[in-house]
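S.K.: In this note's numbering, the protein residues as written are 146 to 377.
This is the structure, below, for whatever I ask next.
What follows is the structure, encoded as structure tokens:
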């Protein structure tokens, strides 16, 4: 029961921790967040997200989430090709109560294929142009927000198949956080018909579209929250 709850705690935050980029001013940063799950009891965690540029001009976006019972490390290396995020290498490692789950993806853009090793069970598949991984697509989303579209859709390589991730712009809202009060753009993830899950994300244009708050509500009314504490 506790293991399942902790896994759910991480899931919505994986989305949020990687959402920061800007077409013209991409630069290194480090953001600190508080995270919690409210399900009768409150389980808290801390999170740090950072972006670094390598000597060859690539970017590495990394995420670290942890509390006393679990930890998660996730990263993606990508390059910008004519304003488009092109993932190169992705890694994921989660530890919950001593149990581990890992995944590694390598993208071969000359052959238009992705190679994956999940729990020592490798697979590969062909991919179309603009395919993303579970982190890189959110960087692309931030670039696309410059166009102020109503909806954003991405093909994401996961589990040996392509999933469609869709986000809808549902308006603006002022959000107060420990880092300050910000005017934000509010996004909602579009899910399958009949789904009881809801994911909302608030991003501040004044912070180059940094996420300042995220909330996810599950069908059992468990609520997951992420709030920006500081940004360097």
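Glycine included, each C-beta is placed from N, C-alpha and C at the ideal position.
1) Within the continuous beta strand (DSSP E) that includes residue 207, where are the two ends?
2) Hey, which unbroken runs of the beta strand (DSSP E) at 3 residues or more fall wholly within the segment 222-294?
3) Can you tell me whether residue 261 is buried or exposed, with buried defined as 16 or more other CB within 10 angstroms of its CB?
4) Considering Cα atoms alone, identify which of 210, 252, 340 is closest to residue 241.
5) I think residue 355 touches residue 371, with their Cβ atoms under 8 angstroms apart; what is that distance to the nearest whole Å?
6) Less than 8 angstroms separating the beta-carbons of residue 308 and residue 275?
7) Counting C-beta neighbours from all protein chains within 10 Å, is the total for residue 374 16 or more, i.e. buried, or is it exposed?
8) Which term fits residue 342, buried or exposed, when burial requires 16 or more other beta carbons within 10 angstroms of its beta carbon?
9) How about residue 283 and residue 254: do their beta carbons lie closer than 8 angstroms?
10) Hey, would you say residue 351 sits closer than 8 angstroms to residue 327, going by beta carbons?
11) Quick check on the DSSP output: the beta strand (DSSP E) that includes residue 302 runs from which residue to which?
12) How would you write the range of the beta strand (DSSP E) that residue 340 sits in, first residue to last?
13) Would you kindly report the start and end of the unbroken beta strand (DSSP E) that includes residue 314?
14) Do you know how far the Cα of residue 227 is from the Cα of residue 214?
15) With respect to the beta strand (DSSP E) encompassing residue 379, which residues constitute its N-terminal and C-terminal limits?
16) Considering just the uninterrupted stretch of the beta strand (DSSP E) at residue 199, what are its terminal residues?
17) Once DSSP output is grouped into helix, strand and coil, what is the label at residue 169?
18) Over what stretch of residues does the beta strand (DSSP E) that includes residue 354 continue unbroken?
M.R.: Reading from the atomic positions:
1) Against the chain shown, residue 207 aligns to sequence position 62. Looking at the DSSP string, the run of the beta strand (DSSP E) that includes residue 207 is 204-211.
2) Taking only runs of at least 3 residues, the beta strand (DSSP E) segments lying wholly in the segment 222-294 are 229-241, 244-253, 258-263, 266-271.
3) On the chain shown, residue 261 is found 116 positions in, with the first residue counted as 1. Buried: at least 16 other Cβ atoms inside 10 Å.
4) To locate residue 241, count along the chain shown from 1; it is residue 96. That would be 210, whose Cα lies nearest to the Cα of residue 241.
5) Working through the chain shown from its first residue, we reach residue 355 at position 210. Working through the chain shown from its first residue, we reach residue 371 at position 226. Contact doesn't hold; Cβ gap of about 12 angstroms is too wide.
6) In the chain shown, counting from the first residue as 1, residue 308 sits at position 163. In the chain shown, counting from the first residue as 1, residue 275 sits at position 130. Between residue 308 and residue 275, the CB-CB gap reaches or exceeds 8 angstroms.
7) Position 229 of the chain shown, counted from the first residue, corresponds to residue 374. The Cβ neighbour count for residue 374, taken over all protein chains shown within 10 Å, is under 16; the residue is labelled exposed.
8) One-based indexing of the chain shown puts residue 342 at position 197. That one is exposed.
9) In the chain shown, the residue the question calls residue 283 occupies position 138. In the chain shown, the residue the question calls residue 254 occupies position 109. No; because the gap between Cβ atoms is not below 8 angstroms, this pair is not in contact.
10) Stepping through the chain shown from its first residue, residue 351 is reached at position 206. Stepping through the chain shown from its first residue, residue 327 is reached at position 182. Yes, they are a contact pair.
11) Mapped onto the chain shown, residue 302 falls at position 157. Residue 302 -> beta strand (DSSP E) spans 296-303.
12) Here the question's residue 340 lines up with position 195 in the chain shown. Neither: residue 340 is in no beta strand (DSSP E) and is coded neither H nor E.
13) In the chain shown, counting from the first residue as 1, residue 314 sits at position 169. Note, residue 314: beta strand (DSSP E), 306-322.
14) Locating residue 214 in the chain shown gives position 69, where the first residue counts as 1. Locating residue 227 in the chain shown gives position 82, where the first residue counts as 1. Near 42 angstroms, if we compare the C-alpha coordinates of residue 227 and residue 214.
15) Coverage of the chain is limited to positions 146 through 377, which leaves residue 379 absent and any answer about it impossible.
16) One-based indexing of the chain shown puts residue 199 at position 54. Segment: none, residue 199 is in no beta strand (DSSP E) and carries neither H nor E.
17) Indexing the chain shown from 1 puts residue 169 at position 24. Any reading at residue 169 must be qualified, since the residue scores a pLDDT of 42, below 50, and its modelled position is unreliable; no value is offered.
18) Numbered from its first residue, the chain shown carries residue 354 at position 209. First-last for residue 354: undefined, no H or E at that position.
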